[in-house]
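Presented below is the structure to which this report refers.
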Amino acid sequence: MRASQLFIPTLKETPAEAELVSHQLLLRGGFVRRLASGLYTWLPLGLRVLRKVERVVREEMDRCGAQEILMPVVQPAELWQESGRWEQYGPELLRIRDRHEREFCLGPTHEEVVTDLLRREIHSYRQLPINVYQIQTKFRDEIRPRFGLMRGREFVMKDAYSFHLEAASLESTYQAMFAAYTRIFTRLGLDFRAVEADTGAIGGKRSHEFHVLADSGEDAIVFCHHCDYAANLELAQSRLSGEAPEAPLAAEEVTTPGIRSVAAQAEMLKISAARIVKTVVVMADEKPVLLLLRGDDELNLVKATNALAAKGLRLATLEEAEEACGAPVGFIGPKDLPRDLPILADQRALTVQNFSTGANVADLHWINLNWGRDLPLAAAADLRSVRAGEACPRCATGTLGIRRGIEVGHVFQLGERYSKAMNMTVLDETGRDRTVTMGCYGIGVSRVVAAAVEQHFDDRGILWPAALAPFTVGIVAINGRKSPEVAAAAEMLHDQLEAAGYTVLLDDRDERPGVQFATMDLIGLPHRVVVSDRVLAQGVFEYRDRRGADNMHLNYEELLTQLKGGEPS
RNA sequence: CGGGGCGUGGCUCAGCCUGGUAGAGCGCCGCCUUCGGGAGGCGGAUGUCGGAGGUUCGAAUCCUCUCGCCCCGACCA
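Numbering (this note's numbering), first residue to last: 2 to 570.
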């Protein structure tokens, strides 16, 4: 491909709208352009990268027996009403009407459609298991689209759905998909982790997320330095050592004027925050609940939501908290509560001895309280977020680390959530009707493009992993418009390399060398070859790896050997 | 949906506070020079100052409404 024939509108300056490096570089390199909030056009260069991701995904999906189909973007409301999600899904589901006033939506996902498809066609256990997938544009009317391709409203996703008679069959497909995902992200050259994930309201059994590690990631993921334990912070656990028993001290009330925060409380009472049991008031489905945590621990809202089996959970406002407890925020505590409210304690809060907590009266705290002696033990749950450095819950020796991750894949055992609601059954070998069990498996294809950049860039531009690069080799013809020798040599090299199976971008534009180099660095092709009068006079080509800073003078054979490092396309 | 910020030429931004009839750099077009890291010179084109209404002799600037975009909090690939 000749650069003079390719639409690559690069930008010298960073557009103000872009915050993330991936967003900035994809815009500057002429890969994508924004149409409206969360909506992007793929330009030739960007589309080539997107297709590369799709190709790897397709190959690995096909390889493990999944079959590609393509379902509509527009879906009838009836199916969503049948599954119950028409009500459940909320405004993220973009609803539209056709000219007959019939209701439809733009598909944010395809469980309903695929279940409807297969319940019509699959009637016997002999036809199971089956695993179908598509690579399709999804639409979710996100509350806040941001970060360019990372969280668009319209995006490309690979979604697969498997159907089984037995849980064991589902488990085996789940494993196969897990393995396929591992191969996919490895082939794409990404530094990633598979982590145990929250199954959320859908309540399936098993779920793993695949995260690309990057500081800009929206999720916090916890992993063991020693074994392969890894989990989303939303549900990660750690092994906490117990405290040595202490002699109980005499409980007393202390005047603490204006002391509302744990930090202030610790300072005034000259105790560590670990000696404080704090009380957090939350609204679980709009009803107040008290949560107890050790002073230095952080409440994990996802864990709390699950522990309370709530649909929605949020912190109470100051007014709500005082209204519910009859005491001002900062002085609320579990002992002698003026109102009868549900209380749930993080298990660690129940191990604190001689602790301080609010006395449910303004400007008054208790010190030296002990569970059992001064107040009844509260119900226990896991409510705290783990912290880096704590011990791994799975192995004996490891400690936990926390990093940011970009979720690019999710595998999920759905169970009967949709098959039951939509009545998808097959006959088993005894002729009995059985509800099938399902799994679903997603990859954010367009997000992978952004995530890859987020992980591979330098101050000059993108450094595409070989499997993602829009072209493998970039040839810079220096002054090719003035030197027929350079032009001819560059053309010949271009043709030879393409014949050898490489994708090649020849920069034959009438530009100054500096511009050509800057463009090449920006768009991030793995290999660069310079053809100029200067090197031609020496009978060689000048080669440079995008990641390296040194030039090598090579003849054609040596050049080929050098390129073998980056896979031919 | 709350909270914060921004809309001025293709891009990045100044001008707005304190109204007086629109500017810089980059980009674009032409010519010259230059020719290995987004060069230099000369000349040129390009603006409903996001939109509507209002105040005023006069509005990019002040007021009201509206639209769009970005950033911070609850979802998900």
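Here a beta-carbon is modelled for each residue, glycine too, at the ideal position from N, C-alpha and C.
Item                                                                                                                                                                                      : Value
Just the C-alpha distance for residue 262 and residue 331, rounded to the nearest angstrom, thanks.                                                                                       : 6 Å
For residue 493, I'd like the list of residues in its chain whose CB is within less than 7 Å of its CB, leaving aside the five on either flank, ordered along the chain.                  : none
Round the Cβ separation of residue 61 and residue 185 to the nearest angstrom and send it over; I've been treating them as touching at under 8 Å.                                         : 5 Å
Using only the alpha-carbon positions, how far apart do residue 98 and residue 105 sit?                                                                                                   : 6 Å
Given a threshold of 16 other Cβ atoms within 10 Å of its Cβ, counted over all protein chains shown, does residue 8 qualify as buried or as exposed?                                      : exposed
If we ignore side chains and look at the alpha-carbon of each, how far apart do residue 21 and residue 251 end up?                                                                        : 55 Å
Hey, out of 517, 317, 307 and 43, whose CA is closest to residue 13's CA?                                                                                                                 : 517
Given this structure, state the Cα-to-Cα distance separating residue 38 from residue 222, to the nearest angstrom.                                                                        : 28 Å
Could you please give the first and the last residue of the uninterrupted beta strand (DSSP E) stretch that includes residue 77?                                                          : 75-77
Taking Cβ to Cβ, would you say residue 452 is nearer than 8 Å to residue 409?                                                                                                             : yes
How would you write the range of the alpha helix (DSSP H) that residue 169 sits in, first residue to last?                                                                                : 168-188
Excluding the 5 residues flanking residue 335 on each side, which residues of the same chain have their C-beta closer than 8 Å to its C-beta?                                             : 278, 280, 291, 293, 344, 346, 358, 376 and 379
Roughly how many angstroms separate the alpha carbons of residue 206 and residue 176, rounded to a whole number?                                                                          : 14 Å
With distance defined between alpha-carbon atoms, name the residue in 10, 25, 19 and 89 nearest to residue 462.                                                                           : 25
So, using beta-carbon positions, are residue 407 and residue 218 closer together than 8 Å?                                                                                                : yes
Measure the C-alpha to C-alpha separation of residue 326 and residue 285 and round it to an integer number of angstroms.                                                                  : 15 Å
Please determine if the segment 134-145 and the segment 106-122 are in contact, where contact requires at least 3 C-beta pairs separated by less than 8 Å.                                : yes
Which of helix, strand or coil does DSSP assign to residue 393?                                                                                                                           : coil
Take residue 235 and list the residues in its own chain whose beta-carbon comes closer than 6 Å to its own, dropping the five residues that flank it on each side.                        : 199 and 303
Within the continuous alpha helix (DSSP H) that includes residue 254, where are the two ends?                                                                                             : Element bounds for residue 254: not the alpha helix (DSSP H) but the beta strand (DSSP E), 253-256.
Between the segment 154-167 and the segment 467-477, are three or more C-beta pairs nearer than 8 Å?                                                                                      : no
What residue from 543, 18 and 558 has the CA that sits closest to residue 551's CA?                                                                                                       : 543
When you compare the segment 416-423 with the segment 255-269, are there three or more beta-carbon pairs, one atom per stretch, that lie closer than 8 Å?                                 : no
Three Cβ pairs or more, each shorter than 8 Å: is that satisfied between the segment 27-34 and the segment 518-530?                                                                       : yes
Should residue 74 be counted as a contact of the ligand COA given a C-beta to heavy atom distance under 7 Å?                                                                              : Ligands displayed in this structure: none; no statement on the ligand COA is therefore possible.
Grouping DSSP H, G and I as helix and E and B as strand, with all else coil, what is residue 135?                                                                                         : strand
Counting along the chain, where does the alpha helix (DSSP H) carrying residue 45 start and finish?                                                                                       : 45-64
Are the CB atoms of residue 508 and residue 477 within a distance shorter than 8 Å?                                                                                                       : yes
Residue 374 to residue 317, Cα distance in whole Å?                                                                                                                                       : 30 Å
Spell out a yes or no on whether the segment 389-408 and the segment 122-134 are touching, meaning 3 or more CB-CB pairs, one atom from each, closer than 8 Å.                            : no
Do residue 50 and residue 450 count as a contact pair if the criterion is CB distance below 8 Å?                                                                                          : yes
Identify whether residue 149 lies in helix, strand or coil by the three-state DSSP scheme.                                                                                                : helix
Please tell me whether residue 537 and residue 490 are closer than 8 Å, where the distance is taken between their beta carbons.                                                           : yes
Across which residues does DSSP place residue 356 in a beta bridge pair?                                                                                                                  : 370
Might you give, ordered along the chain, the residues of its own chain that have their beta carbon closer than 7 Å to the beta carbon of residue 389, omitting 5 neighbours on each side? : 401, 402 and 403
Name the one or two DSSP bridge partners that residue 105 has.                                                                                                                            : 77 and 97
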